[in-house]
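So the structure is just underneath, and the comments pick up after that.
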Amino acid sequence: MPEIEYITEVMETEELLEKLCPPVRNWFKDKFPDFTHPQKVAIPSIMKGEHLLLCSPTASG
154 MPEIEYITEV METEELLEKL CPPVRNWFKD KFPDFTHPQK VAIPSIMKGE
204 HLLLCSPTAS G
């Protein structure tokens, strides 16, 4: 059975934006004021290709 780990680090908005390619970064900045908390937790792991199960309330990001 795989080991379950909990993500505790939350990446800041500017640090996340720097990781995105320019077209995606510009699109995001034009459409949204910020990342949601679930996005700030999940995006770094997803970009590393890690498996992730994210649970958050509906419409929370």
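In our numbering, the protein residues as written are 154 to 214. By construction, the Cβ of each residue, glycine as well, lies at the ideal position given by its N, Cα and C atoms. All figures in this text were calculated on a predicted structure; none of them were measured in a lab.
Item, Value
"Whole-angstrom distance between PRO191 and SER209, CA atom to CA atom", "7 Å"
"Counted within 10 angstroms of its Cβ, other Cβ atoms place LYS184 as buried (16 or more) or exposed", "exposed"
"Residue interval of the alpha helix (DSSP H) (run including PHE181)", "175-184"
"Inter-stretch contact (C-beta, 8 Å, three-pair minimum) for the stretch 194-202 and the stretch 174-181", "no"
"Proximity of MET164 and LYS182 at Cβ, strictly below 8 Å", "no"
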